[in-house]
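Below is one structure, written out as structure tokens; comments come after it.
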Amino acid sequence: MRSLTRRLALTGACALLALPATTLTSADATPRSAPTAQAACSPSSTITKKLPNGTTWRMCWRNDPTSGLVLTNITYQPKHAIRPIEVLGRAALAQIHVPYDNGEFEYNDVTEQYFGSNILTVKPKDCPNGTIKSVRVDDPDGPGRLTVKGLCVTTQPRGFAYHGNSEAVGEPHAHIDSAQGSDLVVYTVNAVGWYHYITQWNFSDDGTITAKEGATGNLADGEFDASDGTGWPVGKNGSAKALSHQHNVLWKLDFKPDGSWKSKVERYDTKPNGTEGTTGYGRLKTTRTPITKEFKGDNSNARWWRVVSTARNGDNHPRSWEIVQQHTDKYASRPYTRHDLYVTQFNRCETYSNDNNSNGEPGCKDHVGQFVNGQTLTRPVAWVNVGFHHIARDEDQTPMPVHWQGFEIVPRDVTDMSPLTPDRLHKPKYNGAN
Numbered sequence: 004m005r006s007l008t009r010r011l012a013l014t015g016a017c018a019l020l021a022l023p024a025t026t027l028t029s030a031d032a033t034p035r036s037a038p039t040a041q042a043a044c045s046p047s048s049t050i051t052k053k054l055p056n057g058t059t060w061r062m063c064w065r066n067d068p069t070s071g072l073v074l075t076n077i078t079y080q081p082k083h084a085i086r087p088i089e090v091l092g093r094a095a096l097a098q099i100h101v102p103y104d105n106g107e108f109e110y111n112d113v114t115e116q117y118f119g120s121n122i123l124t125v126k127p128k129d130c131p132n133g134t135i136k137s138v139r140v141d142d143p144d145g146p147g148r149l150t151v152k153g154l155c156v157t158t159q160p161r162g163f164a165y166h167g168n169s170e171a172v173g174e175p176h177a178h179i180d181s182a183q184g185s186d187l188v189v190y191t192v193n194a195v196g197w198y199h200y201i202t203q204w205n206f207s208d209d210g211t212i213t214a215k216e217g218a219t220g221n222l223a224d225g226e227f228d229a230s231d232g233t234g235w236p237v238g239k240n241g242s243a244k245a246l247s248h249q250h251n252v253l254w255k256l257d258f259k260p261d262g263s264w265k266s267k268v269e270r271y272d273t274k275p276n277g278t279e280g281t282t283g284y285g286r287l288k289t290t291r292t293p294i295t296k297e298f299k300g301d302n303s304n305a306r307w308w309r310v311v312s313t314a315r316n317g318d319n320h321p322r323s324w325e326i327v328q329q330h331t332d333k334y335a336s337r338p339y340t341r342h343d344l345y346v347t348q349f350n351r352c353e354t355y356s357n358d359n360n361s362n363g364e365p366g367c368k369d370h371v372g373q374f375v376n377g378q379t380l381t382r383p384v385a386w387v388n389v390g391f392h393h394i395a396r397d398e399d400q401t402p403m404p405v406h407w408q409g410f411e412i413v414p415r416d417v418t419d420m421s422p423l424t425p426d427r428l429h430k431p432k433y434n435g436a437n
């Protein structure tokens, strides 16, 4: 593996209790049955944060020796809801796949490198105004175990939450309303070779969840001899050519909207539909496609997917969570990185997007391309793939500025009005055309 060999650490675990769903019907939702069984995370493994605009996020966390940061039982409670609304039963990295352009190297930085055991200490300056939680891992240099202050839980501003004039909705004494938004931010930093990965989740006060993987650290110091076409000239007079490579990050999402695994998946496509007869302006039509079988999906212009709950909001609309992907450099050379989204039926031994045989249970398929085999979806699991082709530049030295890749999970009809609507406007007469 030449100088690019990854550092291996011993496996270790931070075992924590899971938190099943509480009753998840909000104040503006149609009442429905909810699970009655309830168990609490231990205090050290619970994250609860009420954000300034009134939204509360709750979840359990643990550090898996391979997967790293694992979040479970993620619930969202906007200020007008009387109970938490469950979103995800489990969310974690499924792989960081790193192939190099010259074809000589290819790494699985999660499954081959004991990603979670290589957690780094988070310094107070890197977790401003936050709390740093301790993680127990095996000592790579000895037989014992180490306590690493490795999980940051903090809040960050996210810019405008809204800005509007209530005259537009007919309020008698109109106001210009505006507010700044904020996020609950949860992250760890893990070392693999020269790279330091930041596994970060942002939970916004408007109900949006953002999964982000940041890569920083240093360029591999032994890989500055790339030929033309596989590298980029860096350093004095371009005598060194840093080897280009790909970061394919995949996440596994076990959706559990409103406390039920029995969600549905739908795809939406918007396409041109002729012109309007009078104006001549272009018309668009949006179509819905229910997805009933396991599938491999690709992004296209004006295409998106959502996971639909069995519950409805106060306007009697099905609650759902939309998967929003931004830019991606899709890597077509592997079946598990060839598509933007894979949706499979839940299987307990399907844990990683690839290299699953050596880490899952015996007899399980090896990669997500094989997981998709036509089963009917009754408990869908989403695998989101976001790629980044790293062509190095002079500015990557040193340490390397963080480059981010990720996606969002956005609430769609989860509440009957914005969860951040000012209290005086949170009334039926301002909901729709009344």
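Numbering (this note's numbering), first residue to last: 4 to 437.
Each residue gets a CB set at the ideal place from its N, CA and C atoms; glycine is no exception.
Neighbour-count burial assignment, residue i, 16 or more Cβ in a 10 Å radius
i, result
"G147", "exposed"
"L287", "exposed"
"Y339", "buried"
"D186", "buried"
"T290", "exposed"
"E216", "buried"
"S242", "exposed"
"I394", "exposed"
"K259", "buried"
"N276", "exposed"
"A385", "buried"
"T114", "buried"
"A40", "Bear in mind that a pLDDT of 28 at A40, under 50, signals an unreliable position, so the model cannot answer this."
"A335", "exposed"
Three-way DSSP call (helix, strand, coil) for residue i in this model
i, result
"R427", "helix"
"G377", "coil"
"F410", "strand"
"N240", "helix"
"A171", "helix"
"E109", "strand"
"G317", "coil"
"Y334", "coil"
"V188", "strand"
"K126", "coil"
"N76", "strand"
"S48", "helix"
"E398", "helix"
"G220", "strand"
"G71", "strand"
"Y433", "helix"
"V371", "helix"
"S266", "coil"
Cross-strand partners of residue i (DSSP beta bridge)
i, result
"G285", "T278"
"W235", "A245"
"H392", "Q249"
"F258", "L91"
"A194", "H199"
"L54", "DSSP lists no partner for L54."
"N121", "Looking at the DSSP assignment, N121 forms no beta bridge with any residue, so it has no partner."
"I99", "V252"
C-alpha distance - residue i paired with residue j, whole-angstrom precision
i, j, result
"V387", "K432", "39 Å"
"P365", "W204", "31 Å"
"E174", "D180", "12 Å"
"E226", "W235", "11 Å"
"P46", "R86", "20 Å"
"A223", "D112", "15 Å"
"D397", "N240", "11 Å"
"V375", "W254", "16 Å"
"G71", "T292", "35 Å"
"V252", "S361", "19 Å"
"M62", "T49", "6 Å"
"C44", "R93", "14 Å"
"D426", "F206", "22 Å"
"A245", "N193", "23 Å"
"T282", "H330", "34 Å"
"I88", "N56", "17 Å"
"V311", "V151", "39 Å"
"D257", "I99", "18 Å"
"H176", "A436", "19 Å"
"G153", "Q183", "29 Å"
"D141", "D67", "11 Å"
"V389", "H370", "16 Å"
"V125", "Y190", "9 Å"
"H199", "Y284", "51 Å"
| Cβ pair count under 8 Å reaching 3, the stretch 258–272 against the stretch 293–307 | Yes: the two stretches touch, three or more of their Cβ pairs being nearer than 8 Å.
| said: Could you check whether the stretch 123–134 touches the stretch 375–382, counting it as contact only if at least three pairs of C-beta atoms, one from each stretch, sit closer than 8 Å? | reply: no
| message | I'd like to know if the stretch 343–360 and the stretch 396–407 are in contact, where contact means that at least 3 CB-CB pairs between them fall below 8 Å. | response | Short answer: they don't touch.
| request: Check whether the stretch 310–321 touches the stretch 411–428, taking contact to mean three or more Cβ pairs, one atom from each stretch, closer than 8 Å. | output: yes
| said: Would the stretch 227–246 count as touching the stretch 100–117 if we require 3 or more Cβ pairs under 8 Å? | reply: yes
| request: Would you check if the stretch 159–172 and the stretch 77–84 touch, i.e. whether three or more CB-CB distances between them fall below 8 Å? | output: no
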